[in-house]
Amino acid sequence: MRALTWHGEQDVRIDEVPEPEIVNPTDAIIEITATAICGSDLHLYNGYMPGMREGDVLGHEPMGEVVEVGSEVETLEVGDRVVVPFTISCGSCWFCGHDLYSLCDNSNPNAEMASEVMGHSPAGLLGFSHMLGGYAGGQAEYLRVPYADVGPIKIESDLPDEQVLFLSDIFPTGFMAAENAEIEENDTVAVWGCGPVGQFAIQSAWMLGADRVIAIDRIPERLEMARDHGDAEIIHFEEDDVYDRLMSMTGNRGPDRCIDAVGTEAHGTGVMGLADQVKQEARLEDDRPHVLRQAIKCCRKGGTLSVPGVYIGRSDNLPFGSVMNKALTIKTGQTHVQRYLNPLLEKIEDGEIDPSFVISHQVGLEDGPEMYETFNNKEDDCIKVVMTP
1 MRALTWHGEQ
11 DVRIDEVPEP
21 EIVNPTDAII
31 EITATAICGS
41 DLHLYNGYMP
51 GMREGDVLGH
61 EPMGEVVEVG
71 SEVETLEVGD
81 RVVVPFTISC
91 GSCWFCGHDL
101 YSLCDNSNPN
111 AEMASEVMGH
121 SPAGLLGFSH
131 MLGGYAGGQA
141 EYLRVPYADV
151 GPIKIESDLP
161 DEQVLFLSDI
171 FPTGFMAAEN
181 AEIEENDTVA
191 VWGCGPVGQF
201 AIQSAWMLGA
211 DRVIAIDRIP
221 ERLEMARDHG
231 DAEIIHFEED
241 DVYDRLMSMT
251 GNRGPDRCID
261 AVGTEAHGTG
271 VMGLADQVKQ
281 EARLEDDRPH
291 VLRQAIKCCR
301 KGGTLSVPGV
311 YIGRSDNLPF
321 GSVMNKALTI
331 KTGQTHVQRY
341 LNPLLEKIED
351 GEIDPSFVIS
361 HQVGLEDGPE
371 MYETFNNKED
381 DCIKVVMTP
């Protein structure tokens with residue numbers, strides 16, 4: 001089959017690879033009908049994620065039709081149309097039993113590798129390095145889905161792929177980010193990063209009762225989307241000092257809730273931003289935590305910082321004294337996608353949200369290598385790429 005594969009830093013190719021097969025009786029095989037490039041795929045593309053191997057199949061935002069099921073699969077049948085979460089979860093461990101699906105104890109076959117770095121292993125993830133399982137991803141014609149009774153959600157309506165595809169990751173991720181922010185009535189919410197996850201965090205903040213939403217970015221088309229579609233007030237961080245603007249907008253109190261939807265490749269300003277860039281390129285620092293520093297500084301005393309942005313490892317010069325002395329709450333984590341699938345699908349079916357608004361490019365799988373470059377370079381007003389094999 002054809003698949004997008006990783007061959008090193010900024011080297012993604014369309015290759016012929018073996019079709020997946022049933023490995024365990026709880027597996028299913030789906031034929032992909034739509035798949036997307038995620039912002040976190042760019043961390044792999046740019047060589048920041050450890051544990052990648054040449055030829056790894058990329059992608060963790062897929063959907064399609066079930067074409068084969070293992071002997072122990074009970075909830076899916078051949079012909080079912082499904083969206084597949086990027087988190088792989090067994091459904092039976094302590095963490096899955098507490099709806100903490102991205103912390104599954106059993107789905108990462110390389111748990112020891114992750115534990116050496118993190119202390120414990122999170123769940124295995126589709127298409128996201130051998131440290132997190134080495135599972136082939138969904139930017140391909142077919143995909144093996146482990147623990148098929150726990151992950152995929154059946155789409156039994158005639159909604160097009162474009163409206164339901166993002167249940168695989170970015171819509172639940174944005175919603176969990178807003179939920180983790182602990183938004184209350186009359187709250188002001190600041191969202192750093194207006195990529196797709198940031199856009200869904202903005203939408204979700206309104207759903208959860210925010211009074212104001214302020215969006216921060218430097219890419220004009222993303223800020224425009226946040227303002228025009230997300231009804232957010234906007235700050236262009238290369239034109240305004242973010243701290244000064246937020247203080248002015250909130251009567252010097254600061255936003256009640258702050259969301260970092262940027263993560264490891266934040267574009268900082270000033271000497272600290274340049275230092276982060278140099279240290280990350282030299283592998284002296286894993287992450288560029290500019291947004292974390294800024295959000296900690298800006299958040300009001302006693303406020304909440306939610307971090308859906310992906311971080312890889314070590315971050316320098318984090319002002320943890322400010323976290324403690326301002327009594328900030330920080331909540332983060334890979335998304336517990338399975339927890340949100342049914343309620344968010346209901347919101348789509350009820351017309352409360354049409355997630356396809358973030359799509360800027362729809363192309364064939366063969367265009368994937370070019371679109372990785374376009375998306376990475378923020379060219380052609382590229383916000384979200386959907387591919388069809």
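Quick note: the sequence shown uses full-length UniProt numbering, first residue 1, plus one each step. No residue lacks a Cβ here, since even glycine has one placed at the ideal position from N, Cα and C.
So, for residue i: in the same chain, excluding its five sequence neighbours on each side, which residues have a beta-carbon less than 7 Å away from its beta-carbon?
| i | result |
| --- | --- |
| residue 19 | 1 and 142 |
| residue 202 | 191, 213, 215, 226, 230 and 232 |
| residue 268 | 276, 288 and 290 |
| residue 95 | 103, 104 and 105 |
| residue 368 | 4, 12, 14, 139 and 387 |
| residue 121 | 108, 111, 114 and 115 |
| residue 301 | 326 and 327 |
Go ahead and pull the three-state DSSP assignment for residue i.
| i | result |
| --- | --- |
| residue 243 | helix |
| residue 42 | helix |
| residue 372 | helix |
| residue 236 | strand |
| residue 294 | helix |
| residue 81 | strand |
| residue 258 | strand |
| residue 353 | coil |
| residue 130 | helix |
| residue 173 | helix |
| residue 49 | coil |
| residue 37 | strand |
| residue 15 | strand |
When burial is assigned at 16 or more other CB atoms within 10 Å of the CB, is residue i buried or exposed?
| i | result |
| --- | --- |
| residue 248 | exposed |
| residue 222 | buried |
| residue 388 | exposed |
| residue 186 | exposed |
| residue 339 | buried |
| residue 243 | exposed |
| residue 184 | exposed |
| residue 59 | buried |
| residue 327 | exposed |
| residue 131 | buried |
| residue 98 | exposed |
| residue 129 | buried |
| residue 52 | buried |
| residue 220 | exposed |
| residue 320 | exposed |
| residue 89 | buried |
| residue 144 | buried |
| residue 118 | exposed |
| residue 241 | exposed |
Report yes if the C-beta distance between residue i and residue j is below 9 Å; otherwise report no.
| i | j | result |
| --- | --- | --- |
| residue 39 | residue 251 | no |
| residue 78 | residue 64 | no |
| residue 296 | residue 198 | no |
| residue 373 | residue 10 | yes |
| residue 27 | residue 74 | no |
| residue 24 | residue 91 | no |
| residue 30 | residue 66 | yes |
| residue 425 | residue 348 | Summary: the structure shown does not reach residue 425, with the chain confined to residues 1 through 389, and so no result is reported for it. |
| residue 48 | residue 280 | yes |
| residue 155 | residue 342 | no |
| residue 146 | residue 107 | yes |
| residue 393 | residue 293 | Residue 393 lies beyond the range of the chain shown here (1 to 389); nothing can be said about it. |
| residue 386 | residue 36 | yes |
| residue 62 | residue 180 | no |
| residue 377 | residue 46 | no |
| residue 109 | residue 124 | yes |
| residue 264 | residue 323 | no |
| residue 207 | residue 353 | yes |
| residue 33 | residue 337 | no |
| residue 188 | residue 257 | yes |
| residue 193 | residue 82 | no |
Output needed for residue i: all residues of its chain with C-beta closer than 6 Å, excluding positions within five of it in sequence on either side, in chain order.
| i | result |
| --- | --- |
| residue 273 | 290 |
| residue 313 | 286 |
| residue 204 | 174, 175 and 178 |
| residue 392 | The structure shown does not extend to residue 392, since the chain is modelled only from 1 to 389, so the question has no answer here. |
| residue 306 | 177, 180, 181, 259 and 331 |
| residue 72 | 25 and 26 |
| residue 7 | 13 and 54 |
Ignore the nearest five residues each way along the sequence and tell me which others in residue i's own chain have a CB closer than 8 Å to its CB.
| i | result |
| --- | --- |
| residue 246 | 190, 214, 235, 254, 255 and 298 |
| residue 381 | 221 and 360 |
| residue 68 | 22, 28, 29 and 78 |
Inter-stretch contact (C-beta, 8 Å, three-pair minimum) for the stretch 152-166 and the stretch 230-243: no
Contact the stretch 345-364 vs the stretch 164-173: 3+ CB pairs below 8 Å: yes
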